[in-house]
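Colleague: For the record, the sequence lines run as chains G, A and P. Going by this note's numbering, the residue at position 228 of the first sequence is 228; the numbering climbs one at a time, nothing skipped. In this note's numbering, each residue's number is its place in the second sequence (first place is 1) plus 1000. In this note's numbering, each residue's number is its place in the third sequence (first place is 1) plus 2000. Structure below; questions to follow.
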Amino acid sequence: MAYEVKLDIYEGPIGILLSLIQARSLDVNQISLNELVTSFLAEIELRRALDLEVATEFLLVAATLMEIKCRRLLPGSEDDDQDEDDFFDERDVLIARLLEAKAYRDVSAVFAAMLEEGIRRVGRRVGFGPEVAHLVPDPLASLNAERLAEAYVAVLGRNEEPEMPPTHVTPLPRISVAEARRRIAEHLARTRRATFDEVVRDAEARLDVVVHFLGMLELFKLGEVDITQALAGAPIELRLLLESA
Amino acid sequence: MNPSGVAEGLAAALEALILVASEPVTLAQLSRAAEATERDCELALAELQRRYCDSRFGIEIASLAGGYRFVTKARHHRAIGRFAEETFDVRLSPAALETLAIVAYQQPISRRRVSAIRGVNSDAVMRMLAVKGYIHPVGRENSAGSAVLFATTTLFLERLGLSSLADLPALAEFEPSVEVAESIEAALREEA
Amino acid sequence: MNPSGVAEGLAAALEALILVASEPVTLAQLSRAAEATERDCELALAELQRRYCDSRFGIEIASLAGGYRFVTKARHHRAIGRFAEETFDVRLSPAALETLAIVAYQQPISRRRVSAIRGVNSDAVMRMLAVKGYIHPVGRENSAGSAVLFATTTLFLERLGLSSLADLPALAEFEPSVEVAESIEAALREEA
């Protein structure tokens, strides 16, 4: 990719997606959803080792993105209206979140400038000097060793509150789209024909299925496979067109 | 003592009070401690602030975070940087700045809510901001056991050079323009 | 710039440095930070000290404990006393107790570390405890420039009626109660 976007590890999927879009919006006409999705998935790859909560957020955004992409790839799909509405809702929610994130990101740049100025004037934090120490009331008038120990244990206990509770345990996709594409190609190299269900039989997570689906669409675009589906909801059948090298 | 002597004595007392405070001191606090009317204090403070404007002084009395406070003049920041005790480093990462912005505009706010807006768990960043003294817990959502709510501190106002939260930049001005919204929408609409 | 202009700028810089230092600043420290010779600094400091002798000022620069520091003039101590009474109210005690407990059990420890354990900035409380003589700086983490480490004082031991730190209550007796463990577990469950 020609885009050099410096991404913060704490940015999260919304922030990253925003960065990716902003990097491209220099030339709006050049924005390609395909590239966006690819870059986003690459970012996911980089973040595999991150905590589960982050992973979940990535999943949600990835799923929305992929759904958007799939809709574009298959414009004539015959989903019912309810699905269509849900899809637009999801997309709108994503856009709203991106816009909100952008507002805070932009204002935070102003904060940065204000802070830069603010640190040049350092405030006195010394407080009461020794010459007036005797005027300060004793903050620990009723101090005893037991209270001290209790306070210490209480502080440590408060610290044990989990900062990042393991809420959702959905794993990140184990494979990239490129790898999924290779696996499908390998599968078809052996069998020549297969249904999509057969290809993803070993997939453990829903996102793995989505990744394979994207891989399949890419193979179709490359002209390596032919895809047929008799009806909406019927098995998707794949047929190998070219021997992969 | 003549009237000007009183005013002079008051200014000196206020100066001493501002020196021992480790946070901005409000007019009300000064008035109570100096046993003078707020009006008299205000006059004395104006005189004090004027005095320190003189370039011979390296320090001044700033009106910040709703109070008065001794600060160094900006042009000495390099010398102070070299002295840097516990380092006055306040460079914040983009993630920390974003988080701080959300807390500033939405306070009081829970960690979870901040995470929801940012779309990424922000507990660690929030914790760091609290340890640095930019935000602090101010209560709980409903009752004991529910989420802790955070707000910005006087240190935050001070470091941004604001006298109150009302002086924050208006968020409305940062709402993305229609063109931006359209370009984001286009990015998600464009066919592959 | 003429020589007196240089001296004036230097005096202003030294004034700024002394204002923000939490311990008396030595001539050597001032000279390094201001990038001026010790001789020039001494001259500028004498000028500064002379300036604050004027009764219009409520503060002055004292040379004590081998360094320079801003102090309040004695005649304002009644006003400062009233301010202290009002500022250090009972709300501070829990924070002071927690902070002191952490220093007692983890000494020597830096301000930053204490803040990290408490989860809120504890610099002001640490300073207040130092002013009251419960804790004192005992060194630096590694070398000059790194964080100051604090430990408890003999006054602290006296107040607690302990003959040494070894007599602090053993912590095993204070392990979190069943209720605490349960509330943490409940928090976890609620999240899931």
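The beta-carbon is built from N, C-alpha and C at its ideal position, and this holds for glycine as well. What you are looking at is a predicted structure, and each value in this text was computed from that prediction instead of being measured.
Quick one: Cα of residue 1060 of chain A to Cα of residue 136 of chain G, how far?
Modeller: Translated into the one-based positions of the second sequence, residue 1060 of chain A becomes position 60. Translated into the one-based positions of the first sequence, residue 136 of chain G becomes position 136. Looking at the two C-alpha atoms, the distance is approximately 25 Å.
Colleague: Does residue 156 of chain G get closer than 9 Å to chain P when you measure Cβ to Cβ?
Modeller: Stepping through the first sequence from its first residue, residue 156 of chain G is reached at position 156. It does; some Cβ of chain P falls within 9 Å.
Colleague: Among P:2024, P:2108, P:2044 and P:2014, which residue has its Cα nearest to the Cα of residue 130 of chain G?
Modeller: Sequence index remark: in the first sequence, residue 130 of chain G carries index 130 (1-based). Nearest of P:2024, P:2108, P:2044 and P:2014 to residue 130 of chain G, Cα basis: P:2024.
Colleague: For residue 1031 of chain A, which residues from the same chain have a beta carbon less than 7 Å from its beta carbon, with the 5 sequence-adjacent residues on both sides left out?
Modeller: In the second sequence, counting from the first residue as 1, residue 1031 of chain A sits at position 31. So the qualifying residues of the chain are 1037, 1038 and 1041.
Colleague: Helix, strand or coil for residue 126 of chain G? Go by DSSP, reduced to three states.
Modeller: As a first step, residue 126 of chain G must be located in the first sequence, where it is residue number 126. In the structure shown, residue 126 of chain G sits in coil (DSSP, three-state: anything other than H, G, I, E or B).
Colleague: Excluding sequence positions up to five away, which residues of its chain have a Cβ less than 8 Å from the Cβ of residue 40 of chain G?
Modeller: Residue numbering aside, residue 40 of chain G sits at position 40 when the first sequence is read from its first letter. Closer than 8 Å at the Cβ level, and outside the excluded window around residue 40 of chain G, lie 13, 16, 17, 20, 61, 62 and 65.
Colleague: Rounded to the nearest angstrom, what separates residue 1156 of chain A and residue 1091 of chain A at their Cα positions?
Modeller: Position 156 of the second sequence, counted from the start, is the residue given in the question as residue 1156 of chain A. Position 91 of the second sequence, counted from the start, is the residue given in the question as residue 1091 of chain A. C-alpha separation (whole angstroms): 13 Å.
Colleague: Do residue 2066 of chain P and residue 132 of chain G have their CB atoms nearer than 9 Å?
Modeller: Taking the first residue of the third sequence as 1, we reach residue 2066 of chain P at position 66. Taking the first residue of the first sequence as 1, we reach residue 132 of chain G at position 132. Result no, Cβ atoms of residue 2066 of chain P and residue 132 of chain G do not sit closer than 9 Å.
Colleague: Below 8 Å on C-beta distance, what does residue 1107 of chain A contact in chain P?
Modeller: Counted from its first residue, the second sequence places residue 1107 of chain A at position 107. In chain order: nothing, as chain P lies at least about 15 Å away.
Colleague: Taking Cβ-Cβ distances shorter than 7 Å, what residues in chain P pair up with residue 1019 of chain A?
Modeller: In the second sequence, the residue the question calls residue 1019 of chain A occupies position 19. Those are 2059, 2070 and 2072, listed as they occur along chain P.
Colleague: Locate the beta strand (DSSP E) running through residue 1169 of chain A, then write down its first and last residues.
Modeller: For the purposes of this step, residue 1169 of chain A is taken as the residue at position 169 of the second sequence. Here residue 1169 of chain A belongs to no beta strand (DSSP E), and DSSP marks it neither H nor E.
Colleague: Which chain P residues sit within Cβ distance under 7 Å of residue 179 of chain G?
Modeller: On the first sequence, residue 179 of chain G is found 179 positions in, with the first residue counted as 1. Residues of chain P passing the Cβ test: none, with the nearest at roughly 32 Å.
Colleague: May I ask you to verify whether the segment 2109 to 2126 of chain P touches the segment 2139 to 2153 of chain P, counting CB pairs closer than 8 Å and requiring at least 3?
Modeller: Taking 8 Å as the limit for Cβ pairs, the verdict is that the segment 2139 to 2153 of chain P does touch the segment 2109 to 2126 of chain P.
Colleague: Taking residue 1099 of chain A as the reference, give the member of A:1078, A:1126, A:1079 and A:1076 with the closest Cα.
Modeller: Counted from its first residue, the second sequence places residue 1099 of chain A at position 99. Measuring from the Cα of residue 1099 of chain A, the nearest candidate turns out to be A:1126.
Colleague: Report yes or no: do three or more beta-carbon pairs, one from the segment 103 to 113 of chain G and one from the segment 1170 to 1178 of chain A, lie closer than 8 Å?
Modeller: Enough Cβ pairs lie closer than 8 Å, so yes.
Colleague: I'd like to know if residue 2098 of chain P contacts chain A, where contact means its C-beta is closer than 9 Å to some C-beta of that chain.
Modeller: The residue you call residue 2098 of chain P lines up with position 98 of the third sequence. Output row for residue 2098 of chain P: interface = no.
Colleague: For a test of your reading of the model: does the CB of residue 2067 of chain P fall under 8 Å from any non-hydrogen atom of the ligand FMN? Yes or no.
Modeller: Among the components modelled here there is no ligand, and therefore nothing to report on the ligand FMN.
Colleague: Just how far apart, CA to CA, sit residue 2073 of chain P and residue 22 of chain G?
Modeller: In the third sequence, counting from the first residue as 1, residue 2073 of chain P sits at position 73. In the first sequence, counting from the first residue as 1, residue 22 of chain G sits at position 22. Cα to Cα, residue 2073 of chain P sits roughly 58 Å from residue 22 of chain G.
Colleague: Helix, strand or coil: how does DSSP classify residue 78 of chain G here?
Modeller: Taking the first sequence and counting its residues from 1, one reaches residue 78 of chain G at position 78. Caution is warranted here: a pLDDT of 49 is assigned to residue 78 of chain G, below 50, making its placement in the model unreliable, and the coordinate value is therefore given only provisionally. In this structure, residue 78 of chain G counts as coil in the three-state DSSP scheme.
Colleague: Sorted by chain position, which residues of the same chain lie with C-beta nearer than 7 Å to residue 1011 of chain A's C-beta, five sequence neighbours on each side aside?
Modeller: Within the second sequence, the letter at position 11 stands for residue 1011 of chain A. Excluding residues within five positions, the ones whose Cβ falls inside 7 Å are 1044, 1047 and 1048.
Colleague: Measuring only the C-alpha atoms, how far is residue 165 of chain G from residue 1116 of chain A?
Modeller: As a first step, residue 165 of chain G must be located in the first sequence, where it is residue number 165. As a first step, residue 1116 of chain A must be located in the second sequence, where it is residue number 116. Low per-residue confidence applies at residue 165 of chain G: pLDDT is 41, beneath 50, and the placement is therefore not dependable enough to give any value.
Colleague: For residue 156 of chain G, which option in P:2105, P:2027, P:2053 and P:2055 has the closest C-alpha, if you only look at C-alpha atoms?
Modeller: Counted from its first residue, the first sequence places residue 156 of chain G at position 156. Comparing Cα-Cα distances from residue 156 of chain G to each of P:2105, P:2027, P:2053 and P:2055, the minimum goes to P:2105.
Colleague: May I ask which residues mark the beginning and end of the beta strand (DSSP E) holding residue 1063 of chain A?
Modeller: As a position in the second sequence, residue 1063 of chain A is number 63, starting the count at 1. It spans 1059 to 1064 - the beta strand (DSSP E) in which residue 1063 of chain A sits, taken as one unbroken run.
Colleague: Can you list, in chain order, the residues of its chain with a C-beta nearer than 6 Å to that of residue 1146 of chain A? Leave out the 5 residues immediately preceding and following it.
Modeller: Translated into positions along the second sequence, residue 1146 of chain A becomes position 146. Around residue 1146 of chain A: 1140.
Colleague: Which chain P residues are close to residue 1032 of chain A, counting only those with a beta carbon under 9 Å from its beta carbon?
Modeller: For the purposes of this step, residue 1032 of chain A is taken as residue 32 along the second sequence, with counting starting at 1. Ordered by position in chain P, the residues that pass the 9 Å Cβ test against residue 1032 of chain A are 2082, 2083 and 2086.
Colleague: When the Cα of residue 192 of chain G is compared with those of G:201, G:144, G:158 and G:227, which residue comes out closest?
Modeller: Reading the first sequence from its first residue, position 192 is the one you call residue 192 of chain G. Checking every option, the nearest Cα to that of residue 192 of chain G belongs to G:227.
Colleague: Is it buried or exposed for residue 223 of chain G, if we count other Cβ within 10 angstroms and need 16 for buried?
Modeller: Taking the first residue of the first sequence as position 1, residue 223 of chain G is located at position 223. Burial call: exposed.
Colleague: Just the Cα atoms here: how many angstroms apart are residue 2119 of chain P and residue 1131 of chain A?
Modeller: Locating residue 2119 of chain P in the third sequence gives position 119, counting from the first residue. Locating residue 1131 of chain A in the second sequence gives position 131, counting from the first residue. Whole-angstrom Cα-Cα distance: 5 Å.
Colleague: Which class does residue 2010 of chain P belong to by DSSP, given the choice of helix, strand or coil?
Modeller: Here residue 2010 of chain P corresponds to residue number 10 of the third sequence, with the count starting at 1. Residue state, collapsed to three classes: helix.
Colleague: Grab me the residues of residue 2123 of chain P's own chain with a C-beta within less than 8 Å of its C-beta, minus the 5 sequence neighbours each way, in chain order.
Modeller: Stepping through the third sequence from its first residue, residue 2123 of chain P is reached at position 123. For residue 2123 of chain P, where only same-chain residues beyond five positions count, the Cβ hits under 8 Å are 2111 and 2115.
Colleague: So, with DSSP's three-state summary, where would you put residue 29 of chain G?
Modeller: In the first sequence, the residue the question calls residue 29 of chain G occupies position 29. Legend: pLDDT at residue 29 of chain G = 43, less than 50; position of this residue unreliable, value from coordinates given subsequently. Three-state DSSP puts residue 29 of chain G in a helix.
Colleague: So which residues of chain A does residue 2076 of chain P contact, with C-beta pairs closer than 7 Å?
Modeller: Here residue 2076 of chain P is taken as the residue at index 76 of the third sequence, counted from 1. Those within 7 Å of residue 2076 of chain P in chain A are 1012, 1013 and 1016.
Colleague: So the candidates are A:1184, A:1101, A:1161 and A:1071; which of them puts its Cα closest to the Cα of residue 1135 of chain A?
Modeller: Against the second sequence, residue 1135 of chain A aligns to sequence position 135. The shortest C-alpha separation from residue 1135 of chain A is found at A:1101.
Colleague: Would you call residue 201 of chain G buried or exposed, if buried means 16 or more other Cβ atoms sit within 10 Å of its Cβ?
Modeller: Along the first sequence, one-based indexing puts residue 201 of chain G at 201. So residue 201 of chain G ends up on the exposed side.
Colleague: Whose C-beta lies closer than 6 Å to the C-beta of residue 1013 of chain A among residues of the same chain, with five residues either side of it excluded?
Modeller: Here residue 1013 of chain A refers to the residue found at position 13 when the second sequence is read from its first residue. Contacts found: 1034.
Colleague: So with CB distances below 7 Å, who are the chain P contacts of residue 1022 of chain A?
Modeller: Within the second sequence, residue 1022 of chain A is the residue found at index 22, counting from 1. What residue 1022 of chain A touches in chain P: 2124 and 2127.
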